[in-house]
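The block underneath contains the structure these notes are about, expressed in structure tokens.
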Amino acid sequence: MSAVPVPQPRTAGPAATARSGGGGGRRALAAALLLGAAGAAIALIASGQIWAEGTAAVGGGSVPLDADGRDVTGVPAALGIVGLAALVAVFAVRGAGRVLVSALLALSGAGAAVAAFLGASDSAALDELAAKTTGDSSATVDALTHTAWPYVTAAGGVLILLAGALALLYGRRWPGMSGRYERPGGGPAARGRGARRAPAVDPDRPEDLWKALDRGEDPTRES
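Residues are numbered in this note's numbering as their position in the sequence shown, beginning at 1, plus a constant of 7.
Written as structure tokens, this is what we have:
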């Protein structure tokens, strides 16, 4: 009488492990894109709004003055642009390069937030404007008030910082830019496919152009 084999549970292989963590990686990717793009947009828009208001005494009267975020400090807007560029560059590099770009993304967000927070109580821009308006180099602004826009800008920087943190934690699982349209023969995979010649493309036939694009070829490249 032969023994009936008992099925044994299979150990999850690398592919299964990758699939199990893919959901978290995709969610982190979507969150990083949303946070980074929203943070950069907020930092750029809010830094162009009025941050501080006041008055300057002129000839027995007063003239109203105001300064936007870029008058107070140009750092948040500049770092917002850097953060947006770094967010795109994350997908153009791999390995150590992706880690470095992710760190740059996080640092740009942190720098924008700190600069905006420090600028929330700054009066130097309005003092300079008061001196120019009155013609008195020692003039300062009166009735100084600040708006909430510096804090909105700082919140945008925090969003960029969070996007960078997600990229540092999960960026290794994210895909990179596709090499589908790279020139033939540029890499080992292309050389390994052999010297099979692609069908000729007639530029006057739209269907040939579409077929070439579908094969990953550049139909504008001369044979």
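The beta carbon of each residue, even a glycine, is placed where N, CA and C say it ideally should be.
Determine the DSSP secondary structure at residue i, reduced to helix, strand or coil.
i, result
"T80", "coil"
"P156", "Contrary to the premise, residue 156 reads as Trp rather than Pro in this sequence. Correct three-state label for W156: helix."
"G201", "For G201, the predicted model reports a pLDDT of 44, less than 50, meaning its position is unreliable and no value from the coordinates is stated."
"V89", "helix"
"V95", "helix"
"V165", "helix"
"E189", "Because the pLDDT at E189 is just 45, under 50, the model does not fix this residue reliably, and the point stays unresolved."
"K218", "helix"
"G28", "Below a pLDDT of 50, predicted positions are generally treated as unreliable, and G28, at 48, falls in that range; the measurement from the model is reported next regardless. Correct three-state label for G28: helix."
How is the beta strand (DSSP E) around residue i delimited, first residue to last?
i, result
"A74", "68-75"
Of the choices the options, whose alpha-carbon is the least far from that of residue i?
i, options, result
"A146", "V65, G171, L42", "V65"
"A137", "R77, G87, L72, A117", "L72"
"V97", "L40, P157, A161", "L40"
"T152", "L133, R180, A84", "L133"
"L166", "R105, V106, L91", "L91"
"L173", "I57, K139, G76, S109", "S109"
"D75", "L175, A170, G87, G126", "G126"
"S128", "A37, I49, E60, Y177", "E60"
"T141", "A123, G67, G46, A162", "G67"
"L112", "W181, G46, R34", "G46"
"D78", "E135, V70, A119", "E135"
"A161", "S115, R34, A99", "S115"
"A117", "A63, G87, R105", "G87"
"A84", "G102, L51, L42", "L51"
"L169", "F124, L94, V100, S69", "L94"
"T80", "G163, G178, V148, S130", "S130"
"R232", "R34, G171, D149, L42", "In the structure as shown, the chain starts at 8 and stops at 230, and residue 232 therefore has no counterpart that could be examined."
"F124", "G102, G164, G178", "G164"
So, for residue i: in the same chain, excluding its five sequence neighbours on each side, which residues have a beta-carbon less than 6 Å away from its beta-carbon?
i, result
"K218", "none"
"V82", "A122"
"G181", "Note that residue 181 is Trp in the sequence shown, not Gly. Excluding sequence neighbours, W181 sits near L36."
"L175", "S109"
"Y177", "G32, A35"
"V89", "S115"
List the residues that DSSP assigns as beta-bridge partners of residue i.
i, result
"D149", "T62"
"I57", "D75"
Note the first and the last residue of the continuous alpha helix (DSSP H) segment covering residue i.
i, result
"A113", "103-126"
"A131", "131-141"
For residue i, which residues from the same chain have a beta carbon less than 7 Å from its beta carbon, with the 5 sequence-adjacent residues on both sides left out?
i, result
"W156", "A53, Q56, I57, W58, G76"
"A38", "L173"
"V159", "I49, A53"
"V100", "V108"
"A202", "Because the pLDDT of A202 is 45, which lies under 50, any placement of that residue in the model is unreliable, and the number read from its coordinates should be weighed accordingly. Excluding positions up to five away in sequence, the list is empty."
"A120", "A161, G164, V165, L168"
"G193", "Low per-residue confidence applies at G193: pLDDT is 48, beneath 50, and the placement is therefore not dependable enough to give any value."
Can you find the residues in the same chain that come closer than 8 Å, C-beta to C-beta, to residue i, ignoring five residues on each side of it along the sequence?
i, result
"S144", "A138"
"L42", "L166, I167, L169, A170, L173"
"T62", "S69, V70, P71, L72, V148, D149, A150"
"T154", "Q56, I57, W58, A59, E60"
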